[in-house]
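Asks: Which chain is which? The protein sequence lines are F and B, in order. Residue numbering for the first sequence follows this note's numbering, starting at 178 and increasing by one per position. Residue numbering for the second sequence follows this note's numbering, starting at 32 and increasing by one per position.
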Amino acid sequence: MNSLYAPALLLLQDSVFDNMRQGVAHPDLSKFLIIGALLFSIGVAGVLTRRNIIVIFMSVELILNAANLNFIAFSRYLQEQGSVNAVAGQVFTVFIIVVAAAEAAIGLGLVIALYRNRETIFVDKIDLLKW
Amino acid sequence: MVLSGWESVFFWVFALAALVAGMLTVMARNAVHSALFLISALVSVAALFVLLGAEFIAGVQILVYVGGVMVLFLFVIMLVNVSAEERGREELFNPPAQTTAAVCFAALIVFGFFYAINKSAGQFARTEERPAALRTARGGQLPPSATGVAAISEDTQRVGSSLYRYGALPFEIASVLLLVAIVGSVLLARTPKQELSADDIDPEVVEELSAAGELTPAEIEAAAHAAEV
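#1: Residues of chain F with a CB under 7 Å from the CB of B/Val95: which are they?
#2: Whose C-alpha, out of B/Ala66, B/Arg189, B/Phe144, B/Val40, is nearest the C-alpha of F/Val201?
#3: What are the residues in the segment 259 to 270 of chain F lying within 9 Å of chain B by C-beta distance?
#4: Please classify B/Thr167 as buried or exposed, where buried requires at least 16 neighbouring CB atoms within 10 angstroms.
#5: Counting only Cβ pairs nearer than 8 Å, list the residues of chain F close to B/Met265.
#6: Among B/Leu240, B/Asn125, B/Val111, B/Ala249, whose alpha-carbon lies nearest the alpha-carbon of B/Ala220?
#7: Please compile the residues from chain F whose C-beta is within a distance smaller than 8 Å of the C-beta of B/Ile108.
#8: Is the beta carbon of F/Val288 closer than 8 Å to that of F/Ile298?
#9: If contacts are defined as beta-carbon pairs under 8 Å, then F/Leu285 and B/Val107 qualify, I think. What distance do you get, rounded to the angstrom?
#10: Rounded to the nearest angstrom, what separates B/Ala254 and B/Asp230 at their Cα positions?
#11: In three-state terms, what does DSSP make of B/Val33?
#12: Between the alpha carbons of B/Ala59 and B/Leu227, how many angstroms are there, rounded?
#13: Check whether the segment 238 to 248 of chain F and the segment 257 to 270 of chain F are in contact - that is, three or more C-beta pairs closer than 8 Å.
#14: Kindly indicate which residue of B/Val51, B/Thr130, B/Phe104, B/Leu79 has the alpha-carbon position closest to the one of F/Val237.
#15: DSSP state of B/Asn125, grouped into three classes?
#16: Mapping the DSSP letters down to three states, classify B/Asp231 as helix, strand or coil.
#17: Please work out which residues of its chain come closer than 7 Å, Cβ to Cβ, to F/Ile212, disregarding the five sequence neighbours upstream and downstream, and give them in chain order.
#18: Would you mind telling me which residues of chain B sit closer than 7 Å to F/Asn301, beta carbon to beta carbon, in chain order?
#19: Using the Cβ count rule (16 or more neighbours within 10 Å means buried), how would you classify F/Met208?
#20: If you draw a straight line from the alpha carbon of B/Phe68 to that of B/Pro234, how long is it in whole angstroms?
#21: In chain B, which residues lie with their C-beta within 8 Å of the C-beta of F/Val288?
#22: How close, in whole Å, do the beta carbons of B/Val76 and F/Ala222 come, if the pair is a contact with beta carbons under 8 Å?
#23: Opposite F/Asp205 in the DSSP bridges: which residues?
#24: Would the segment 71 to 89 of chain B count as touching the segment 184 to 194 of chain B if we require 3 or more Cβ pairs under 8 Å?
#25: Please report how far the alpha carbon of B/Ala133 lies from the alpha carbon of F/Asn229, in whole angstroms.
#26: What's the C-alpha gap between B/Ala46 and F/Val224?
#27: At the level of alpha carbons, what is the spacing between F/Ala250 and F/Ala214?
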């Protein structure tokens, strides 16, 4: 199975890259956590920078999914450690998905009510309470 | 937990797909494109769930998120017309100062996470390198899959029994939460006309709306009559 990476391995023959090559060829828990952290940060950047409130909601979904990925990765890690209740992470993920669905329904209801009243979905135009 | 062979190829493909789709979700000009990129990000994360042996969660993710929540998003995007943003007349992001501050904040979060992960890196390393799917099967009691490469995991069964044994109360609370969300979103999305016919509207608002011509006197009369009956 090592031949699969043959082109990449040739580039990374140097022993300095040995650790990195090991990390790329054999991703472990930390790689999943890093992917989760990056997804989370993309979501945070989306929430903080976009003006369209619907896209902000989508970024929140991205954040919740990053949390789900961490939960599942740790659940898998605990399974292999022989933990007693190792699927707790997966059960928690089910609840996160439920709450995300409820949040999306309420949030989009608010967006529709907002659009009916203010004719806009840009967050910086909704400044009725701004002093 | 160490992946090897095709599993790591699978991991990198879907991890990069999730990250790229996430970036495009945040950066797309058209909100519909944003939603479609978010769908591909969610599907990629579901693929990572399969890789981690959580087939049930992956299925729930596809069914609930992609099948339910994202369809709702697309409905609302098409209900509220945002064509000004698409045509480039409206600014996509907040003013530059705010955007820079936000990106710096996100970068700080990334560095914090990386630092924490680096700190604990050695603790997660395990030396055995069997394919992860084989490890889930306990002592060969479970049947092998059709391809014979991996065994069917007992994951779904364990999640179900854990959900109904240890998580029974949160499960019930979650169902009540969903009920509240249904009722709440129906209430929030009503038009003034529907509020009037349900006799659930402030008289001052009725006066304002009839002055603005949004409610005709005939409609108000009909609603008042309906409320009496």
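Cβ atoms here follow ideal geometry from the backbone N, Cα and C, with glycine treated the same way. Note that this is a predicted model, so its numbers are computed, not measured.
Replies: According to the structure shown:
#1: Ile274, Ala278
#2: B/Val40
#3: Asn262, Ala263, Val264, Ala265, Gly266, Gln267, Val268, Phe269, Thr270
#4: For B/Thr167, the predicted structure reports a pLDDT of 49, less than 50, and the residue's modelled location is therefore unreliable. The matter cannot be settled from this model.
#5: This structure does not reach residue 265 of chain B, given that chain B is present from 32 up to 260, and the question cannot be answered.
#6: B/Val111
#7: Ile231
#8: yes
#9: 5 Å
#10: 7 Å
#11: strand
#12: 39 Å
#13: yes
#14: B/Phe104
#15: coil
#16: coil
#17: Leu246
#18: At residue 301 of chain F the sequence reads Asp, which differs from the Asn that was named. What F/Asp301 touches in chain B: Asn125.
#19: For clarity, residue 208 of chain F is Lys in the given sequence; the question names Met instead. Buried: at least 16 other Cβ atoms inside 10 Å.
#20: 45 Å
#21: Val107, Val111
#22: The Cβ separation is near 18 Å, so there is no contact.
#23: B/Val33
#24: yes
#25: 16 Å
#26: 21 Å
#27: 12 Å
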